[in-house]
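Q: Sending over a structure as structure tokens; questions will come in a sec.
There are 2 protein chains.
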Amino acid sequence: MAKNITSQQKDYSQWYLDVIREAKLAEHSPVRGCMVIRPTGYAIWENMKAELDRMFKETGHENAYFPLFIPKSFLSREAEHVEGFAKECAVVTHSRLRSTDNGGVEVDPTSKLEEELIVRPTSETIIWDTYRDWVQSYRELPILINQWANVVRWEMRTRLFLRTMEFLWQEGHTAHATESEAREETEKMLEVYRTFAEDFMAMPVITGVKTASERFAGAIDTYCIEAMMQDGKALQAGTSHFLGQNFAKAFNVTFQDADNQVKYVWATSWGVSTRLIGGLIMTHSDDDGLVLPPKLAPTQVVIVPIWKNEDERTQVISYIDSFNRELRNAGIRVKLDMRENYKPGWKFAQYEVEGVPLRIAVGPRDATNKKLEVARRDTKTKEIIDVETVLETVQNLLVDIQTNLYQTALKRRESLTSIAQSYDEFKELLDSKGGFVYAHWDGTPETETQIKEETKATIRCIPLDNPHKTAGKCMVTGNPSEQMVLFARSY
Amino acid sequence: MAKNITSQQKDYSQWYLDVIREAKLAEHSPVRGCMVIRPTGYAIWENMKAELDRMFKETGHENAYFPLFIPKSFLSREAEHVEGFAKECAVVTHSRLRSTDNGGVEVDPTSKLEEELIVRPTSETIIWDTYRDWVQSYRELPILINQWANVVRWEMRTRLFLRTMEFLWQEGHTAHATESEAREETEKMLEVYRTFAEDFMAMPVITGVKTASERFAGAIDTYCIEAMMQDGKALQAGTSHFLGQNFAKAFNVTFQDADNQVKYVWATSWGVSTRLIGGLIMTHSDDDGLVLPPKLAPTQVVIVPIWKNEDERTQVISYIDSFNRELRNAGIRVKLDMRENYKPGWKFAQYEVEGVPLRIAVGPRDATNKKLEVARRDTKTKEIIDVETVLETVQNLLVDIQTNLYQTALKRRESLTSIAQSYDEFKELLDSKGGFVYAHWDGTPETETQIKEETKATIRCIPLDNPHKTAGKCMVTGNPSEQMVLFARSY
Numbered sequence: 006m007a008k009n010i011t012s013q014q015k016d017y018s019q020w021y022l023d024v025i026r027e028a029k030l031a032e033h034s035p036v037r038g039c040m041v042i043r044p045t046g047y048a049i050w051e052n053m054k055a056e057l058d059r060m061f062k063e064t065g066h067e068n069a070y071f072p073l074f075i076p077k078s079f080l081s082r083e084a085e086h087v088e089g090f091a092k093e094c095a096v097v098t099h100s101r102l103r104s105t106d107n108g109g110v111e112v113d114p115t116s117k118l119e120e121e122l123i124v125r126p127t128s129e130t131i132i133w134d135t136y137r138d139w140v141q142s143y144r145e146l147p148i149l150i151n152q153w154a155n156v157v158r159w160e161m162r163t164r165l166f167l168r169t170m171e172f173l174w175q176e177g178h179t180a181h182a183t184e185s186e187a188r189e190e191t192e193k194m195l196e197v198y199r200t201f202a203e204d205f206m207a208m209p210v211i212t213g214v215k216t217a218s219e220r221f222a223g224a225i226d227t228y229c230i231e232a233m234m235q236d237g238k239a240l241q242a243g244t245s246h247f248l249g250q251n252f253a254k255a256f257n258v259t260f261q262d263a264d265n266q267v268k269y270v271w272a273t274s275w276g277v278s279t280r281l282i283g284g285l286i287m288t289h290s291d292d293d294g295l296v297l298p299p300k301l302a303p304t305q306v307v308i309v310p311i312w313k314n315e316d317e318r319t320q321v322i323s324y325i326d327s328f329n330r331e332l333r334n335a336g337i338r339v340k341l342d343m344r345e346n347y348k349p350g351w352k353f354a355q356y357e358v359e360g361v362p363l364r365i366a367v368g369p370r371d372a373t374n375k376k377l378e379v380a381r382r383d384t385k386t387k388e389i390i391d392v393e394t395v396l397e398t399v400q401n402l403l404v405d406i407q408t409n410l411y412q413t414a415l416k417r418r419e420s421l422t423s424i425a426q427s428y429d430e431f432k433e434l435l436d437s438k439g440g441f442v443y444a445h446w447d448g449t450p451e452t453e454t455q456i457k458e459e460t461k462a463t464i465r466c467i468p469l470d471n472p473h474k475t476a477g478k479c480m481v482t483g484n485p486s487e488q489m490v491l492f493a494r495s496y
Numbered sequence: 006m007a008k009n010i011t012s013q014q015k016d017y018s019q020w021y022l023d024v025i026r027e028a029k030l031a032e033h034s035p036v037r038g039c040m041v042i043r044p045t046g047y048a049i050w051e052n053m054k055a056e057l058d059r060m061f062k063e064t065g066h067e068n069a070y071f072p073l074f075i076p077k078s079f080l081s082r083e084a085e086h087v088e089g090f091a092k093e094c095a096v097v098t099h100s101r102l103r104s105t106d107n108g109g110v111e112v113d114p115t116s117k118l119e120e121e122l123i124v125r126p127t128s129e130t131i132i133w134d135t136y137r138d139w140v141q142s143y144r145e146l147p148i149l150i151n152q153w154a155n156v157v158r159w160e161m162r163t164r165l166f167l168r169t170m171e172f173l174w175q176e177g178h179t180a181h182a183t184e185s186e187a188r189e190e191t192e193k194m195l196e197v198y199r200t201f202a203e204d205f206m207a208m209p210v211i212t213g214v215k216t217a218s219e220r221f222a223g224a225i226d227t228y229c230i231e232a233m234m235q236d237g238k239a240l241q242a243g244t245s246h247f248l249g250q251n252f253a254k255a256f257n258v259t260f261q262d263a264d265n266q267v268k269y270v271w272a273t274s275w276g277v278s279t280r281l282i283g284g285l286i287m288t289h290s291d292d293d294g295l296v297l298p299p300k301l302a303p304t305q306v307v308i309v310p311i312w313k314n315e316d317e318r319t320q321v322i323s324y325i326d327s328f329n330r331e332l333r334n335a336g337i338r339v340k341l342d343m344r345e346n347y348k349p350g351w352k353f354a355q356y357e358v359e360g361v362p363l364r365i366a367v368g369p370r371d372a373t374n375k376k377l378e379v380a381r382r383d384t385k386t387k388e389i390i391d392v393e394t395v396l397e398t399v400q401n402l403l404v405d406i407q408t409n410l411y412q413t414a415l416k417r418r419e420s421l422t423s424i425a426q427s428y429d430e431f432k433e434l435l436d437s438k439g440g441f442v443y444a445h446w447d448g449t450p451e452t453e454t455q456i457k458e459e460t461k462a463t464i465r466c467i468p469l470d471n472p473h474k475t476a477g478k479c480m481v482t483g484n485p486s487e488q489m490v491l492f493a494r495s496y
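Line order of the protein sequences matches chains A and F.
When we follow our numbering, the leftmost residue of the first sequence carries the number 6, and every step to the right adds one.
When we follow our numbering, the leftmost residue of the second sequence carries the number 6, and every step to the right adds one.
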């Protein structure tokens, strides 16, 4: 166990914060609830962005940028939307400071705004107000736009990456001529998120539909990907909303269809955020620090040279040159750590904490024998390989680590997934084992609330490919249930 | 001249806005002074970001992210800084809205913040407050960090891209152990900006130092790149600041040096913004719309097929396939416009307005003859070429357009640059010809202010490679002057 990192078993929450601190991913800022994303953490976000952006563009979307501020009156246009966001927002009321006698500054009361501005908690309102002028005819549809932006929600209880007052995200906002096309888009983007989570983050997810009480404020249907963290808790990792015509009606966005009828436009929105970094950490990392899937690791391979004198140094460097270039040319993200004021052992420990998937150590004897030592971060295993095979070995190991991380997470989820036939069994399972629990529910918000209040577990989703899609009776009320739904305690 | 675009000669300001609207780059938002950056405009920004980001990383910088909000008290820590930014900032005072009886929302007075938060106008204060904890010893220096972010300055007179209340930018913030290293960094990043402006934007710039009155609030020296727009006005396109120890002292950021002395850290900051898009438009575009340098054009080549019937359509598409892939595989950004509900002539006009550097038109006769027509946006010239030479021709033309745009802008600047030997000549030159005027100035802010008030011209910079570095007498006061400085009216 790395020093300065509390073990998962002892205190999972503290372990999470310790890993973030020791791997230098992020830290709290002097502004309550806001975080500073440090270079290593931001580099992970850049890799996530690059892959997601590519997937968005491959599915026909373009990026654009809408204002940070939303006029207060816009929020009230969609009744449920304002209900969902008005209680936690940053309100700009003035536009100027003035000096005070003691050398400080104070708000200049003469700069009070006529209408307050809200720092966007999400951009449906400002975007649909804009779309009104963009859409006249069915020929201008669909509009397939994504935005990379910062948003602010005035959360009281924050946790780095998982829930912060300001966070970075992408929000897709699309406009369609028909309901079916909008529904198709909603599901397509959910599938993009699933693919990204599983193939890049190595984080298995359940796709499903949220219950009415967990829906996005203003949506008809909210789809989600739900992941399981190592402590058995669920993490909502991304959402895709079918918004129906709610925002089109609120902002009067209509179009003339091919049949010459004037109709309201159909909408979707979908987003993932820096919360994914929290999910990534809590899916793979261990008591020694961060563990990163190779596809998202800023550094995939670190090379640590070992030498005692100048002759050895020259020999080792020249040897490393011979394969370092080969790895880089193959597109592998390699870092060579030549720093002289840190010892190899210190470097080993540091890269372990930082989660670099592969470490190559090379000393003078390796140079002579044309060998090198390759160590995996995930399994902590090492092997000595011939330098001629380095590229192939590294490529295979990176694939293997990616697969192994996914399989390990999947097995964990399977072992922590249960079925409850009764409410007693349900409660017992949550307390003894945790994890995901499938159970029958009568479909009413009242029962859902009762379960939440009594057990702290929520319905994570009604899974799309539900393995327990057989009718039964609600575990609480005994009323009919069409299928089991997925419960868990969650972040 | 494109319909809907006012000619430059008639009204340059209106021409600028017309080009932005017709090329669908951006538009005003319902929030005063904020803009919506539309997909085409944002794609240009993405290309700019990609190149700049690569250049920053090649010079050893990493990206990070700091909070959007700055505690009010932070601004007052550096005396000049608060003076520069307090008068134009968005102030967050509350964290909640509540419903009103008439179905609207109002600010909830019980949510008033203890300390107001300022939406960052620039991030020196929050970043230097963070650096304090990151730096203990000289071993942790330098810190070379860049941030891509949105910032807000409460401008009263706004103009799309050039001056908006919210804009997108990058801000580099570096920390160094010595003054010389920080000064070197300041100049290095200025050189990165110069290279980017000239090699990618095809926009020649003068590098120089700002006078005291034009310095960044809190800087010891502000370096800048100054470009000339087609109407002869100057545009400050990027700045790089040597901040000395001002922010280190304000936020108490010290380090233990190799000599065991505790010292204040030396700082730089540097930034360019979406203002560059305004500069790009005003450097190259014409009365027919946008003109884009190939290196930054989202679409470099558009292929417009022409057919009259299904047979011709099949023939033309198959023919286009044969070279489209070749162009794409070579990394050229090609768009094939297969839309059937728009005529070729309409498409030609649209891509001209949107500034696509090269247009390839292909009809059935071209397919038979293995020819195609290539039209340049910059010179409006067309040529018929053999399909076998398409890749080479397109590559050469793209290079040629890039060079031509730069040379044209450079010649314009040279023809609009003058030397004034007297104040009368200076005023006459500004009114008759405009452009850049070199003249002697006595180095005092009083004379600078007098010139600004009387002529609306400002000192753009004291050029680094000054072609007029000979001593003389101030054109206004007759007092000694070491060298001529660069004047212009500006945006």
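Beta carbons: idealized from backbone N, C-alpha and C, even for Gly.
Note that this is a predicted model, so its numbers are computed, not measured.
Of all Cβ atoms in chain F, is any one closer than 7 Å to the Cβ of residue 16 (chain A)?
A: No, residue 16 (chain A) does not count as interfacial toward chain F.
Q: Can you name the residues of chain A whose CB is closer than 9 Å to the CB of residue 352 (chain F)?
A: Simply none; closest approach about 14 Å.
Q: When you check each C-beta in the segment 19-44 of chain A against every C-beta of chain F, which residues fall closer than 7 Å?
A: Within the segment 19-44 of chain A, the residues whose Cβ lies closer than 7 Å to some Cβ of chain F are 34, 35, 36, 39, 41, 42, 43, 44, listed in chain order.
Q: Can you tell me whether residue 40 (chain A) is buried or exposed, with buried defined as 16 or more other CB within 10 angstroms of its CB?
A: That one is buried.
Q: Express the C-alpha separation of residue 162 (chain F) and residue 187 (chain F) in angstroms, rounding to a whole number.
A: Going from the Cα of residue 187 (chain F) to the Cα of residue 162 (chain F) covers about 35 Å.
Q: To the nearest angstrom, how far is the alpha carbon of residue 98 (chain A) from that of residue 103 (chain F)?
A: Whole-angstrom Cα-Cα distance: 15 Å.
Q: What are the residues in the segment 64-81 of chain A lying within 8 Å of chain F by C-beta distance?
A: For the segment 64-81 of chain A, which is checked against every Cβ of chain F, the residues closer than 8 Å are 67, 68, 69, 70, 71, 72, 73, 74, 75, 76, 77, 78, 79, 80, 81.
Q: Hey, is residue 285 (chain A)'s beta-carbon within less than 7 Å of any beta-carbon in chain F?
A: Closer than 7 Å: no.
Q: Could you give the DSSP three-state label for residue 86 (chain A): helix, strand or coil?
A: It is helical.
Q: Is the beta carbon of residue 464 (chain A) sitting closer than 7 Å to the one on residue 442 (chain A)?
A: The answer is no: Cβ separation not under 7 Å.
Q: Look up residue 233 (chain A) in the DSSP assignment and give the residues it is bridged to.
A: Its beta-bridge partners are A:239.
Q: Can you tell which of A:358, A:366, A:49 has its C-alpha closest to the C-alpha of residue 342 (chain A)?
A: That would be A:366, whose Cα lies nearest to the Cα of residue 342 (chain A).
Q: Establish whether the CB of residue 342 (chain A) and some CB of chain F are separated by less than 7 Å.
A: With 7 Å as the cut-off, residue 342 (chain A) does not count as an interface residue toward chain F.
Q: Mind listing the chain A neighbours of residue 504 (chain F)? Cutoff is C-beta to C-beta under 7 Å, in chain order.
A: Only positions 6 to 496 of chain F appear in the structure, and residue 504 (chain F) is not among them; the question remains open.
Q: Let me check understanding here. Comparing Cα to Cα, which of A:43, A:331, A:323 lies closest to residue 372 (chain A)?
A: Checking every option, the nearest Cα to that of residue 372 (chain A) belongs to A:323.
Q: Along the chain, which unbroken stretches of the beta strand (DSSP E) at least 3 residues long are found entirely within the segment 399-473 of chain F?
A: Qualifying beta strand (DSSP E) stretches, in chain order: 422-424, 441-445, 463-468.
Q: Starting from residue 197 (chain F), trace the alpha helix (DSSP H) in both directions and tell me its first and last residue.
A: Note, residue 197 (chain F): alpha helix (DSSP H), 184-200.
Q: Look at the Cβ atom of residue 180 (chain A), then the Cβ atom of residue 143 (chain A), and state whether they are nearer than 7 Å.
A: Against a cut-off of 7 Å, the Cβ pair of residue 143 (chain A) and residue 180 (chain A) comes out as no contact.
Q: Residue ranges of each beta strand (DSSP E) run of no fewer than 3 residues wholly in the segment 343-389 of chain A, ordered along the chain?
A: Within the segment 343-389 of chain A, the complete beta strand (DSSP E) runs of at least 3 residues are 363-367, 376-381.
Q: Compare the C-alpha of residue 345 (chain A) against each of A:355, A:156, A:318 and name the closest.
A: That would be A:318, whose Cα lies nearest to the Cα of residue 345 (chain A).
Q: With distance defined between alpha-carbon atoms, name the residue in F:399, F:235, F:383 nearest to residue 390 (chain F).
A: Closest by alpha carbon: F:399.
Q: Among all the DSSP beta bridges, which residues are the ones paired with residue 111 (chain F)?
A: Looking at the DSSP assignment, residue 111 (chain F) forms a beta bridge with F:103.
Q: Assess contact between the segment 33-50 of chain F and the segment 215-225 of chain F, defined as three or more Cβ pairs (one per stretch) separated by less than 8 Å. Is contact present?
A: Result no; under three Cβ-Cβ pairs closer than 8 Å.
Q: List the endpoints of the continuous alpha helix (DSSP H) containing residue 282 (chain A).
A: Run containing residue 282 (chain A): 280-289, per the alpha helix (DSSP H) assignment.
Q: Are residue 207 (chain F) and residue 407 (chain F) closer than 7 Å when you measure CB to CB?
A: Result yes, Cβ atoms of residue 207 (chain F) and residue 407 (chain F) sit closer than 7 Å.
Q: Measure from the C-beta of residue 151 (chain F) to each C-beta in chain D and report whether the shortest distance is under 7 Å.
A: In summary, chain D is missing from the structure at hand, where the protein chains are A and F.
Q: Any beta-carbon of chain F closer than 7 Å to the one on residue 253 (chain A)?
A: Judged by the 7 Å Cβ criterion, residue 253 (chain A) is not in contact with chain F.
Q: Under a CB-based cut-off of 7 Å, is residue 163 (chain A) close to chain F?
A: So no, residue 163 (chain A) is outside the interface.
Q: Roughly how far, in whole angstroms, is the beta-carbon of residue 150 (chain A) from the beta-carbon of residue 450 (chain F), given that I think they are within contact range, below 8 Å?
A: At roughly 48 Å, the Cβ-Cβ gap does not stay under 8 Å, so residue 150 (chain A) and residue 450 (chain F) are not in contact.
Q: Which residue comes first and which comes last in the beta strand (DSSP E) that contains residue 493 (chain A)?
A: Start and end: 489-493.
Q: So with CB distances below 8 Å, who are the chain A contacts of residue 94 (chain F)?
A: Correct list: 100, 101, 102.
Q: Looking at the ligand PLP, does it come within less than 6 Å of residue 53 (chain F), judged from the CB to the closest heavy atom?
A: For the structure depicted, the ligand PLP is absent and the ligand set is empty, with no information on it obtainable.
Q: Quick check on DSSP: helix, strand or coil for residue 31 (chain A)?
A: It is a strand residue.
Q: Using a C-beta to C-beta distance shorter than 9 Å, which residues of chain F count as neighbours of residue 108 (chain A)?
A: Near residue 108 (chain A) (Cβ distances below 9 Å), the residues of chain F are 81, 84.
Q: Three or more C-beta pairs closer than 8 Å, one from the segment 189-204 of chain A and one from the segment 51-62 of chain A: is that the case here?
A: At 8 Å Cβ cutoff, the stretches touch.
Q: On the CB-based measure, 16 or more other CB atoms within 10 Å of its CB, does residue 120 (chain A) come out buried or exposed?
A: Exposed, because fewer than 16 other Cβ atoms sit within 10 Å of the Cβ of residue 120 (chain A).
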